[in-house]
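Here's the structure we're looking at; comments come further down.
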Amino acid sequence: MASRLEFNVFDFATAAGDYTRQQFVSSFASGGFNGSKWAPRTSKWGKRFTHPLMNDTGTLARSIQSEAGRTDIVGRRSDRTRIFRKGARYCMWTTEKSFPVKGKRGRSKERYGHYAAIHNTDPKFGLYTVNQYSTRRPVHRQFIGFSPKTDDYIAAHFIDMIFKGFPHQPL
208 MASRLEFNVF DFATAAGDYT RQQFVSSFAS GGFNGSKWAP RTSKWGKRFT
258 HPLMNDTGTL ARSIQSEAGR TDIVGRRSDR TRIFRKGARY CMWTTEKSFP
308 VKGKRGRSKE RYGHYAAIHN TDPKFGLYTV NQYSTRRPVH RQFIGFSPKT
358 DDYIAAHFID MIFKGFPHQP L
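Structure below.
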């Protein structure tokens, strides 16, 4: 039978993961991530087409996927005693594919199809340019990742879930 702590850890990981996913999806509505706004468009094309940044069709916001699960660590130590620990995990990813849409810019079927990966990559690793004739790099507009604001909220509101059902020990 699993312990109360194992159930509480799974509930905590699921609740914290769901809250984090909600924050990532809401970054599209707020037009920024981690309290800062996304960089405005500077190209001639971008100034003519004024739909909200990164929210033309909503496909990218809907592509954020998540999955909660339990992890079991099973094995043996060097002195041949058994190891069995239970834990929890919450995985989050984007499908990161850009599909061609008739009448929209960038209709290429496979090349540069990883739209989400372009925006979430650290700029020092993304050494590509907007096209082969330019030295200008694309603007990175992060919408998913680590956020101190989200971490502080989780610490303030969800940590108590881990110890739910345990006897209270006064200090």
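So the mapping is simple: our numbering equals the position in the sequence shown, first residue as 1, plus 207.
For each residue, glycine too, the CB sits at the ideal point set by N, CA and C.
Closest by C-alpha distance to residue i, when choosing among the options
i	options	result
T278	R343, V216, M368 and H364	V216
F291	R284, T249, M299 and I280	I280
K293	P374, A220 and D367	A220
G238	I351, H375 and T357	I351
D358	R255, T249, Q230 and L267	Q230
V232	F214, W300 and S210	W300
E213	P355, F370 and K251	F370
Residue i and residue j closer than 8 Å at C-beta
i	j	result
A222	F365	yes
W245	R343	no
G242	S273	no
A268	F235	yes
G372	R211	yes
Supposed close pair residue i, residue j - CB separation, criterion 8 Å
i	j	result
T227	S270	Not a contact, Cβ separation roughly 16 Å.
R296	R289	That pair is no contact at about 22 Å.
One or two residues paired with residue i in a DSSP bridge
i	result
F240	S243
Y226	Bridge partners of Y226: none, in fact.
V281	F291
T382	The structure shown has nothing for residue 382, since the chain only spans 208 to 378.
Which of helix, strand or coil DSSP assigns to residue i
i	result
G276	strand
Y360	helix
R343	coil
R255	helix
R269	helix
R296	strand
L212	helix
T249	coil
I366	helix
S354	coil
F219	helix
F231	helix
Test: residue i CB closer than 8 Å to a CB of chain D
i	result
D279	The structure shown contains no chain D; it holds only a single protein chain.
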